[in-house]
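First the structure, in the form of structure tokens, and then the observations on it.
Number of protein chains: 2
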Amino acid sequence: MIIQKPNPEATVAQVGEFALIEAITAVLLPEGSAPVGHVLVGPGDDAAVIELPDSRVVVTTDAMVDGVHFRTIWSSAADIGTRAAAANLSDIVAMGAKPAALVVALGLPADTLVQWVLDLAGGLKAEAAKVGAVVVGGDIVRSPVLMLGVTAIGSVAGDRVVRRSGARPGDVVATTGRLGWAAAGLAVLSRGFSSPRVLADAHRRPAVDYAVAARAAEHATSMCDISDGLVSDAAHLAAASGVRLELLTESLEITDAMSDVGAALGADPLTWVLAGGDDHAFLATYPDEGAVPQGWTIIGRAVDQERGIEPLVLVDGREPPDIAGFTHFSG
Amino acid sequence: MIIQKPNPEATVAQVGEFALIEAITAVLLPEGSAPVGHVLVGPGDDAAVIELPDSRVVVTTDAMVDGVHFRTIWSSAADIGTRAAAANLSDIVAMGAKPAALVVALGLPADTLVQWVLDLAGGLKAEAAKVGAVVVGGDIVRSPVLMLGVTAIGSVAGDRVVRRSGARPGDVVATTGRLGWAAAGLAVLSRGFSSPRVLADAHRRPAVDYAVAARAAEHATSMCDISDGLVSDAAHLAAASGVRLELLTESLEITDAMSDVGAALGADPLTWVLAGGDDHAFLATYPDEGAVPQGWTIIGRAVDQERGIEPLVLVDGREPPDIAGFTHFSG
Chain A
1 MIIQKPNPEA TVAQVGEFAL IEAITAVLLP EGSAPVGHVL VGPGDDAAVI ELPDSRVVVT
61 TDAMVDGVHF RTIWSSAADI GTRAAAANLS DIVAMGAKPA ALVVALGLPA DTLVQWVLDL
121 AGGLKAEAAK VGAVVVGGDI VRSPVLMLGV TAIGSVAGDR VVRRSGARPG DVVATTGRLG
181 WAAAGLAVLS RGFSSPRVLA DAHRRPAVDY AVAARAAEHA TSMCDISDGL VSDAAHLAAA
241 SGVRLELLTE SLEITDAMSD VGAALGADPL TWVLAGGDDH AFLATYPDEG AVPQGWTIIG
301 RAVDQERGIE PLVLVDGREP PDIAGFTHFS G
Chain B
1001 MIIQKPNPEA TVAQVGEFAL IEAITAVLLP EGSAPVGHVL VGPGDDAAVI ELPDSRVVVT
1061 TDAMVDGVHF RTIWSSAADI GTRAAAANLS DIVAMGAKPA ALVVALGLPA DTLVQWVLDL
1121 AGGLKAEAAK VGAVVVGGDI VRSPVLMLGV TAIGSVAGDR VVRRSGARPG DVVATTGRLG
1181 WAAAGLAVLS RGFSSPRVLA DAHRRPAVDY AVAARAAEHA TSMCDISDGL VSDAAHLAAA
1241 SGVRLELLTE SLEITDAMSD VGAALGADPL TWVLAGGDDH AFLATYPDEG AVPQGWTIIG
1301 RAVDQERGIE PLVLVDGREP PDIAGFTHFS G
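If you want it as structure tokens, here you go:
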């Protein structure tokens, strides 16, 4: 077949499904159609086939919808692809596992530009490449609203997976990654501003240090990625483990940019740190301080849960205010 | 934690994300939270973990959007779940592989009823159970339009995967499964009718005989599931294999119900058979007639492709009319 490159300024409706898929495949596999590395069958067949180092397969999926999780007026296609990949890759790493592949279900309005879709694919590919993962397949359909369903596949890296349920009384609680940056950025963007740039950009695309997070795999007793907010995800982990987590805010960093924005908007920046979710930071527990890897910050301790008595999380010794993480059906 | 059953007549916005997820998990794992069989970690953690019999992992994803791929006024939630699962399970089986697990990214309007979502989960679960697969995880988000992104994971069943690219001149072409039923059903429903029931139901939920399809794994030289339509998918397979496929319509069944509807609507039912895609039938090539398994029907032969000269598919010796399969961005 002779492949004609579609005009990137054309809409997806103008070029049609098959030409669009070929153009995306060319972005994902610029080397040609030959599969590379652990990819035995890449895009173009009924399904992709990847060879994992272990037959224990780790899988997670996330949906993102325009106007709910991002806005195309604030974020570029590459930003959105980066964020969608990061959300899934973080979940694999949070199991102490190693990401291998992504597949992407994409719903596109008919007037979406081809170039926009190619940039999205480029963002997905680049973020996946940070952990040695590749985009191996997908599906593209017409949709009245732009939406992505991204699924990540990984394999168990060591002997075990790190669950949410393994924290024990006496464990130390630690985090790695930014906390509250994306939430502060969203507050900025929502009010029509685009600075401080560092915060707006933190909302647009998270900066996840997967290598530091992966160090938890060896000694962490429990782990999760922070997607709903520190307090909310700490409560999930505490519930799964049957412990209470006591956190200290003195260990949590509030950057100057966050303080400035808080002052300008009349908001307490600590709220973003405790309740913001889109940075894809990580929360874990370790048996003792010596087990906490470099790049992780100790922020508290796990204690006995007085059975059935809330709260599951204390912040500075007190029940946290009602700043539960983003609930997708509220508001 | 005390789990309170949400009122199934409440909306997802009323009960919130976490209560909804717990109610869905109760549908998927009625036995309790203990993982079963090959599921090492089920819903509720950052990612699921499944143990496959082989480290070669087969993965595919499909998106479905309300008003594009289904209509909630025509199809029940269980129908839609069944179809979404079947679309993905068929793709795994079409590689000669064995499905193991599904994950589901779900976008829901705020006024969706909890019971509707539970019925959807039940449909997904029941269809997956037909092939020994289980729903191991998902993500639920707010969306202005109902949409699903379903991903299926499987493992290579025998020594090899069956690609689209393996057909050779001289191979016989065979299909299994219904052809045109769902397309005829869609024609009926689109005109406001709901009978013949057998055709309307074929659109609502495909009846896929995975066991018969799986028999292709041993001897088929190439294979795909028919999702775009027989002629369209035959052309994809022919292009990937570098052959031409010559099909004979005398081998294709036009049921009485289809003939009746064709007469009533002034449509040629053969068009549905040649171009309809939603039955999830299967197309394969075999080295000779003796290799064609029981339950498969021989419908033609692969021949040398005169290089670069279209068409890739002949129907009764002639170039087929322009009845290309459903292109998602057309119309």
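Chains as they are written, first to last, in the working numbering: chain A, 1 to 331; chain B, 1001 to 1331. All C-beta atoms, glycine included, are put in the ideal place defined by N, C-alpha and C. As the structure is a computational prediction, the values presented were derived from the model and not from experiment.
Opposing strand residues paired with residue i [DSSP bridges]
i	result
residue 1043 (chain B)	B:1045
residue 65 (chain A)	A:147
residue 101 (chain A)	A:134, A:153
residue 51 (chain A)	B:1056
residue 303 (chain A)	A:244
residue 1011 (chain B)	B:1113
First and last residue of the uninterrupted alpha helix (DSSP H) at residue i
i	result
residue 262 (chain A)	256-265
residue 233 (chain A)	230-241
residue 1155 (chain B)	Run containing residue 1155 (chain B): none in the alpha helix (DSSP H); it sits in the beta strand (DSSP E), 1147-1156.
residue 20 (chain A)	17-28
residue 185 (chain A)	181-190
residue 1081 (chain B)	1077-1093
residue 271 (chain A)	269-275
residue 201 (chain A)	197-204
Limits of the beta strand (DSSP E) - the one that residue i falls within
i	result
residue 125 (chain A)	Per DSSP, residue 125 (chain A) belongs to no beta strand (DSSP E); it is in the alpha helix (DSSP H), 114-129.
residue 1222 (chain B)	1222-1226
residue 283 (chain A)	281-286
residue 176 (chain A)	172-176
residue 315 (chain A)	313-315
residue 1211 (chain B)	That residue, residue 1211 (chain B), is in no beta strand (DSSP E); its alpha helix (DSSP H) goes 1210-1214.
residue 1295 (chain B)	From DSSP, residue 1295 (chain B) is part of no beta strand (DSSP E); its letter is neither H nor E.
Alpha carbon of residue i to alpha carbon of residue j, nearest angstrom
i	j	result
residue 1049 (chain B)	residue 1037 (chain B)	12 Å
residue 1288 (chain B)	residue 1223 (chain B)	15 Å
residue 1271 (chain B)	residue 1265 (chain B)	13 Å
residue 209 (chain A)	residue 277 (chain A)	16 Å
residue 33 (chain A)	residue 95 (chain A)	Confidence at residue 33 (chain A) is low in this model, with a pLDDT of 48, below 50, so the placement of that residue should be treated as unreliable; the coordinate-derived value is given next. Those two C-alpha atoms are separated by around 32 Å.
residue 1230 (chain B)	residue 220 (chain A)	52 Å
residue 15 (chain A)	residue 107 (chain A)	16 Å
residue 235 (chain A)	residue 1283 (chain B)	50 Å
residue 78 (chain A)	residue 113 (chain A)	13 Å
residue 1151 (chain B)	residue 1067 (chain B)	21 Å
residue 129 (chain A)	residue 1286 (chain B)	39 Å
residue 1087 (chain B)	residue 1302 (chain B)	26 Å
residue 18 (chain A)	residue 258 (chain A)	46 Å
residue 1319 (chain B)	residue 1045 (chain B)	53 Å
residue 8 (chain A)	residue 155 (chain A)	36 Å
residue 6 (chain A)	residue 22 (chain A)	9 Å
residue 141 (chain A)	residue 12 (chain A)	10 Å
residue 1121 (chain B)	residue 1072 (chain B)	15 Å
C-beta neighbour in chain A for residue i, strict 7 Å
i	result
residue 1052 (chain B)	yes
residue 1107 (chain B)	yes
residue 1143 (chain B)	yes
residue 1080 (chain B)	no
residue 1222 (chain B)	no
residue 1153 (chain B)	yes
residue 1119 (chain B)	no
residue 1103 (chain B)	yes
residue 1225 (chain B)	yes
residue 1319 (chain B)	no
residue 1311 (chain B)	no
Short CB-CB distance (under 7 Å) between residue i and chain B
i	result
residue 251 (chain A)	no
residue 163 (chain A)	yes
residue 177 (chain A)	no
residue 92 (chain A)	yes
residue 83 (chain A)	no
residue 60 (chain A)	yes
residue 47 (chain A)	yes
residue 149 (chain A)	yes
residue 71 (chain A)	no
residue 55 (chain A)	yes
residue 63 (chain A)	yes
residue 208 (chain A)	no
residue 243 (chain A)	no
residue 68 (chain A)	yes
residue 139 (chain A)	yes
residue 258 (chain A)	no
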